[in-house]
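Student: I am attaching a structure below and will ask some questions about it afterwards.
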Amino acid sequence: MTNIGEIMNKCNSSTFNLNLDKYYPNSHKIYHKGNIYKDLLVSMRQIKLSNGELVPVYDTSGNYTETNKIIDINQGLAPNRKKFYLSEKPLTQLAYAKKGIITPEMEYVAIRENMALDVTLGASKTKFNYPITPEFVREQILQGKAIIPANINHPELEPMIIGRNFLVKVNANIGNSAVSSSLSEEVEKLIWAVTWGADTVMDLSTGKDISITREYIIRNSPVPIGTVPIYQALEKVGGIAEDLSWEVMREVLIEQAKQGVDYFTIHAGVLKEHIPLTQNRVTGIVSRGGAIMAKWCMAHNKQNFLYTNFSEICEIMQQYDVSFSLGDGLRPGCIADANDEAQFAELKTQGELNKIAYSFDVQTMNEGPGHVPLDKIEENMQKQLSWCNEAPFYTLGPLVIDFAAGYDHIASAIGAANIANYGCAMLCYVTPKEHLGLPNKKDVKDGLIAYKIAAFAADLAKGHPAAYYRNLQMSKARFEFRWDDQFNLSIDPVVAREFHDETLPKDAAKSAHFCSMCGPKFCSMKIHQEIKNFSAANIK
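Each residue of the sequence shown is one higher than the one before, counting from 21 in this note's numbering.
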């Protein structure tokens, strides 16, 4: 693990202000103590309502939301997790699960998933095993149905879990390119993303200073960091796919694992024999990693070296507890290519690789599409559960139409909500810039908000008590015209308040029993309250 102080001179602009009073008014950090590990402090956020109710919510922002402060990214976060390591050279979470050991990370995520709620709070139905216990977490990891991405060299991490029997998670992609963005901008995107609820962040940098950028991102990240190592390997050979080799890739994997990357996207399921299946596609191979490996296979007339060296990859990842995110290199890039032979051939191969990784105690999830119409989404989830031993599914969208350029975050969030309801464990966000350009801070936030809505929709449909409770509190605040509570319970308090104040900005409007849409005479909720009062007064 590199000392961030050794490279701090690389980042010329290293500070910025994070005004959290503006983003999340009337809320603060709370810490729930562990029972097995007494010194464990699990962080979450609590919203205080005007009626005295307290609403705990899942929070991914780490120490950044404790106070308003100037953040210096050269300092990095405190390595708090390190003091809970069970040995000098920790095992993987899967290895501990096989030994029957509940780790501090397992207890942490169990408490975090429950969000300090001890009862079901009237949820009408639930598919959740609630409350989540540390033993249930261990069993899910043991069965390969969940993962805790937590590299032993990422002690700044606040552990989280990915699995369909837990809250639906959302990933945000950041990263520079050869033509855009700087190191400080990427770290600022990271902090911005976790502030707005990113559960994990993937660094997809393809430009200059990839290693240095990644070091800054990891040291400043309270959430798991994922990468696509083939990008750095390609950069090392001058961008020429044919010049890639297992030796170059191995060097990159070791470097990134030592730095603290929590999960790798590895396109080992793109086999040489799958490539002809893509030739009649409308958009061909749209995955960068998939296209790189397909070109290498064709140039050398050999099998994918990630596939042939998969056991050695597992050995490297096992040493540091890096999790697999088995890449969907042949995902469909348009509706016309959805659910085709190439896509499903790779998914079957992913299932074979899952079993190998499991034998090496390496945690694994599978990546999925892509562009899929609504009527074909369920089939993707069913096949993944069947072929991949119910491992967590991690999907990009899927986008349900192809012509929403500029609004692809909406087109894909529709598909994301659907596949999450069927059992998808983590959703990779899509920003409004998808297909058009590299996202800026606004795009990152817009993509995250769209995907947090999709994830919450699935959590609510599956009956998670915390989702039900927050939703119920919003409904009550709306009916009782508690405007400030409505803003603060919203997924984006900033925009909620701005929209209300466009027409009713005065403080008096915050206690008014109407909004600008209906006005004082036509508000249905106000009229209903008058009906209730009339009925109560006339009941004898």
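Where is the CB? At the ideal position from N, CA and C, for every residue including glycine. Just so we're clear, the structure is a prediction, and the values are computed from it rather than from any experiment.
#1: Which one or two residues does DSSP pair with Thr247 in a beta bridge?
#2: Name, in chain order, the residues that DSSP records as bridge partners for Gly259.
#3: Can you grab the Cα-Cα spacing for the pair Glu293 / Leu60, in whole Å?
#4: Looking only at its own chain, which residues have a Cβ that is under 7 Å from the Cβ of Leu187, when we skip the five neighbours before and after it?
#5: According to the neighbour-count rule (16 or more other Cβ atoms, all chains shown, within 10 Å of its Cβ), is Ile121 buried or exposed?
#6: Pull up the DSSP beta-bridge partners for Gly183, would you.
#7: Taking Cβ to Cβ, would you say Ile245 is nearer than 7 Å to Val272?
#8: For Ile24, I'd like the list of residues in its chain whose CB is within less than 6 Å of its CB, leaving aside the five on either flank, ordered along the chain.
#9: Return the Cβ separation of Gly435 and Ile473 in integer angstroms, given the expectation that the two are a contact with Cβ distance under 8 Å.
#10: Nearest by alpha-carbon distance to Glu387: which of Phe380, Cys408 and Lys209 is it?
#11: Report the rounded CA-to-CA distance for Arg101 versus Val514, giving the unit in angstroms.
#12: Which term fits Ala643, buried or exposed, when burial requires 16 or more other beta carbons within 10 angstroms of its beta carbon?
#13: Rounded to whole angstroms, what's the CA-CA distance from Gly443 to Tyr105? Just pull it up for me.
#14: Please list the segments of the alpha helix (DSSP H) lying wholly inside the region 387-426, counting only runs of 4 or more residues, in order along the chain.
#15: Within the same chain, show all residues whose beta-carbon is closer than 8 Å to that of Glu15, passing over the 5 residues directly before and after it, in chain order.
#16: Apart from the five residues on each side of it in sequence, which residues of its chain come closer than 7 Å, Cβ to Cβ, to Ile547?
#17: Across which residues does DSSP place Pro76 in a beta bridge pair?
#18: Bridge partners of Val190, per DSSP?
#19: Determine the direct distance from the alpha carbon of Asp505 to that of His520, and round the result to whole angstroms.
#20: Can you give the beta carbon distance from Leu456 to Ala425, rounded, assuming they're within the 8 Å contact cut?
#21: Tell me the rounded alpha-carbon separation between Tyr251 and Gly309.
#22: With DSSP as the reference, label Ser47 as helix, strand or coil.
#23: For my contact list, Ala445 and Lys189 are in at a C-beta cut-off of 8 Å; report their separation, rounded to the angstrom.
#24: Taking C-beta to C-beta, are Thr285 and Val248 nearer than 7 Å?
#25: Within its chain, find whatever has a CB closer than 7 Å to the CB of Val342; leave out the 5 residues flanking it on each side and keep chain order.
#26: Using 8 Å as the cut-off, can you tell me whether the region 351-368 makes contact with the region 409-428, which would need three or more C-beta pairs spanning the two stretches below that distance?
#27: Could you give the distance in angstroms between the alpha-carbon of Asn553 and the alpha-carbon of Ser544?
#28: Going by CA-CA distance only, name the one from Pro418, Ile93, Lys453 and Met385 that's closest to Asn83.
#29: Taking the CB atoms as reference points, tell me whether Ile15 and Ala117 lie closer together than 7 Å.
#30: Which residues in the same chain have their Cβ closer than 6 Å to the Cβ of Lys315, if we skip the five residues on either side of it in sequence?
#31: How should Leu509 be labelled, buried or exposed, when 16 other C-beta atoms within 10 angstroms of its C-beta is the threshold for buried?
#32: Short check: CB of Leu350 to CB of Ala358, under 7 Å?
#33: Near Lys322, which residues of its chain fall below 6 Å by C-beta distance, leaving aside the five closest residues on each side in sequence?
#34: Taking the alpha helix (DSSP H) that Ser343 belongs to, which residues open and close that run?
#35: Provide the residue span of the alpha helix (DSSP H) that contains Ile274, from first to last.
#36: Alpha helix (DSSP H) containing Arg234: first to last residue?
Tutor: Quick look at the numbers:
#1: Asp223 and Phe284
#2: Per DSSP, none; premise fails for Gly259.
#3: Rounded to whole angstroms, Glu293 to Leu60 spans 50 Å at the Cα level.
#4: Around Leu187: Tyr78, Glu133, Asp479 and His484.
#5: exposed
#6: Ala166
#7: no
#8: Summary for Ile24: the model assigns pLDDT 44, below 50, so the residue's position carries little reliability; its value from the coordinates is reported in the next sentence. The residues are Gly96 and Arg239.
#9: Not quite, the Cβ-Cβ distance comes to about 13 Å (not below 8 Å), so this is no contact.
#10: Cys408
#11: 32 Å
#12: Residue coverage of the chain in this structure runs from 21 to 560, which leaves residue 643 outside it and unanswerable.
#13: 31 Å
#14: Listed in chain order, they are 397-407.
#15: Residue 15 is absent from the model: the chain starts at 21 and stops at 560.
#16: Counting only Cβ-Cβ distances below 7 Å, and skipping sequence neighbours, we find nothing.
#17: Gln66
#18: Leu447
#19: 13 Å
#20: 6 Å
#21: 7 Å
#22: strand
#23: 7 Å
#24: yes
#25: Asn171, Ala277, Val281, Asp282, Tyr283 and Phe284
#26: yes
#27: 14 Å
#28: Ile93
#29: In this structure the chain extends from 21 to 560, so residue 15 is not present and cannot be described.
#30: Here the set comprises Ala261.
#31: buried
#32: no
#33: none
#34: Premise fails: Ser343 lies in the beta strand (DSSP E), Ser343 to Leu346, not in any alpha helix (DSSP H).
#35: Trp266 to Gln279
#36: Ile230 to Arg239
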